[in-house]
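If you count the sequence shown from 1, position 234 lands on 234 in UniProt numbering, and the numbers rise without skipping.
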Amino acid sequence: MAYYRAVGSIPPKRHTQHRAPSGNLYYEELMGADGFTSGSSLLYHRAIPSAIVDATPWEPPEATLTENRPLLPRHLRLHELFPGEEWKRADPVTGRRLILGNADVQISYVVAGEPSPLYRNAGADECVYVESGSATVETVFGALTARQGDYVLLPRSTTHRWRPDGDGGTSAGPASPTPESAVSEPAVSASAGPLRLYVIEARSHLGPPRRYQSAEGQLLEHAPYCERDLRGPTEPLLAEGTDVEVLVKHPGAQGAAGTRYVYPTHPFDVVGWDGCLYPYTFNIADFEPVTGRVHQPPPAHQVFAGDGFVICNFVPRKVDYHPLAVPVPYYHSNVDSAEVMFYCGGDYAAREGSGIGQGSVSLHPGGHCHGPQPGAVERSLGVEFFDELAVMVDTFRPLRLGEGGLAAEDPAYAWTWSGRGPTR
1 MAYYRAVGSI PPKRHTQHRA PSGNLYYEEL MGADGFTSGS SLLYHRAIPS AIVDATPWEP
61 PEATLTENRP LLPRHLRLHE LFPGEEWKRA DPVTGRRLIL GNADVQISYV VAGEPSPLYR
121 NAGADECVYV ESGSATVETV FGALTARQGD YVLLPRSTTH RWRPDGDGGT SAGPASPTPE
181 SAVSEPAVSA SAGPLRLYVI EARSHLGPPR RYQSAEGQLL EHAPYCERDL RGPTEPLLAE
241 GTDVEVLVKH PGAQGAAGTR YVYPTHPFDV VGWDGCLYPY TFNIADFEPV TGRVHQPPPA
301 HQVFAGDGFV ICNFVPRKVD YHPLAVPVPY YHSNVDSAEV MFYCGGDYAA REGSGIGQGS
361 VSLHPGGHCH GPQPGAVERS LGVEFFDELA VMVDTFRPLR LGEGGLAAED PAYAWTWSGR
421 GPTR
């Protein structure tokens, strides 16, 4: 992320004295990526940011992964994971249930009604898609408003807390933006609904694909979004408190481990910061789709990238305009990757008859050819517009199933192309 921002009170020159009106010296923290050879920010704290008074083990949510064997396409119904009013007792961090994962990326899902504890992921960048509902994400950099259709990008080691809004309801995806909302405000439905979050954790750093950027990091004219669409904190967030707990997830010998730190003062004590490393939101309604005379391949829909995987959007759009075009995807084999599609709004015509609907995830592993359901190709001929909304993750290593994925699986999905079950 190379887009420079400055928020709050900072001195004229970095690494020089910066004092409060009382005369006390602020404590400078350099938060930097890749051994301080990549993006970084300077934060100015009222108290020493490294001071702790206690540290005890903490167990993060269940992270066991099970091999996809036999190798099958899978359909996971995520809305079945938090039945009834169970979501009202869950929070957006400790309530997460692991769906899929490998050494590069993990995907979790949570429906939450309670505020999260203060939290810091020291082992992964997080990209959190807000399927429905809204929240305030309080961070050491300042607060972000997270609304339906937003991606929330949280660099690793960002101390933050989720505070859900709303009191229930349902939603069918972000509303189509008006010209004003497309450039100024994220799309949001009239019903706040429960806070439903699709959480992507990246072992690498995560950001816009390099092909969208200049050598200096500016988003180029062919990119499907620009810096104006990225919404970062606008003012400091200051809080008081003593003996404040922060849950830290970090790498361990058997995967993820956790530590509960206690700080003598509240970590939200940053009076100002500047740099190119910070949390921000991007609304899916601000993504400008690429279309053509014939069907466009998945890279045309890419929005973010990390090492070993990419994230793509499929948004409402006009479709192929060649007179003989076939608008739905052709059958395809991901010879280098597994494809994960999260269906979060609209009407996904290519999957009609498969059982897939709002809140579904499909996993199509490398080594398995997949594509439209029977009859979808014929039904799509002559269609000019697709009203669909989906978030896709393509990984370049095989994916395994988490406990949440196993609990939400539709066992009939693999046979929906043939209409027959196993012959054994």
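Yeah, the Cβ is synthetic: ideal placement off N, Cα and C, and Gly gets one too.
Within the stretch 281-316, the runs of beta strand (DSSP E) that reach at least 3 residues and sit entirely inside it are, in chain order, 302-306 and 309-314.
When C-beta atoms of the stretch 280-292 are compared with those of the stretch 251-258, fewer than three pairs fall below 8 Å, so the two segments do not count as touching.
Contact check for P264 and V53: beta-carbon distance about 5 Å, within the 8 Å limit, so the pair qualifies. With the rule of 3 Cβ pairs closer than 8 Å, the stretch 340-351 counts as touching the stretch 375-390. Boundaries cannot be given for V93, as no alpha helix (DSSP H) includes it and DSSP labels it neither H nor E. Shown here, L65 sits in coil according to DSSP, grouped into three states, outside any helix or strand.
Annotation for L406: the continuous alpha helix (DSSP H) segment containing it runs E403 to A407. Taking C-alpha positions only, S337 is separated from H368 by approximately 10 Å. In this structure, D320 keeps its C-beta atom at 8 Å or more from the C-beta atom of V361. Looking at the backbone, the Cα of Q296 and that of Q213 are separated by about 21 Å. The Cβ atoms of G95 and C276 lie no closer than 8 Å to each other. For A112, the enclosing beta strand (DSSP E) has its first and last residue at V105 to A112. Below 8 Å, too few C-beta pairs join the stretch 209-227 and the stretch 75-90 to call them touching: fewer than three.
DSSP, reduced to helix, strand and coil, places L230 outside both helices and strands of the structure shown, so it counts as coil. For R163, the enclosing beta strand (DSSP E) stretches over residues H160 to P164. Non-local C-beta neighbours of F82 in its own chain, meaning closer than 6 Å and more than five positions away in sequence, comprise V111, ordered along the chain. For H370, the closest of G382, V328, E378 and C344 by C-alpha to C-alpha distance is V328. R203 and S380 have their C-alpha atoms roughly 39 Å apart. Taking the CA atoms as reference points, T66 sits about 17 Å from T395.
The beta-bridge partner set that DSSP reports for Y413 is empty. Runs of the beta strand (DSSP E) lying entirely within the UniProt domain "Homogentisate 1,2-dioxygenase C-terminal" (309-403), each at least 3 residues long, are 309-314, 338-346, 360-364 and 388-395 in chain order. Sorting A47, W58, R19 and P21 by C-alpha distance to the C-alpha of A239 places A47 at the top.
In the pairwise beta carbon analysis, the stretch 112-130 is classified as touching the stretch 138-151: at least three pairs are separated by under 8 Å. No residue range can be given for G123, since it is assigned to no beta strand (DSSP E) and is classified by DSSP as neither H nor E.
A straight-line Cα-Cα distance of about 14 Å links G8 and P21.
Assigned with DSSP and collapsed to three states, Y26 falls in coil, not helix or strand.
Shown here for D125: same chain residues with a beta carbon closer than 8 Å to its own, the five before and five after excluded, namely L153, L154, P155, R156, E201, A202, S204, H205, L206 and G306 in chain order. Nearest Cα to G241 within the set V335, C226, D269 and I356: D269.
Taking C-beta atoms as the reference points, V340 and V393 count as a pair closer than 8 Å. As DSSP reads the structure, D54 sits in a beta bridge with V262. By the criterion of a C-beta distance shorter than 7 Å, V315 is surrounded in its chain by I284, F287, P289 and L389, once the five residues flanking it on both sides are discounted.
Residues V7, P233, T234, E235, P236 and L237 of the same chain have their beta carbon placed closer than 7 Å to that of G142, with the five preceding and five following residues left out of the count. About 5 Å separates the CB atoms of L247 and W58; that is less than 8 Å, so the two are in contact.
In the structure shown, Y212 adopts helical secondary structure according to DSSP, grouped into three states. The criterion of a C-beta distance shorter than 8 Å is not satisfied by V271 and V244.
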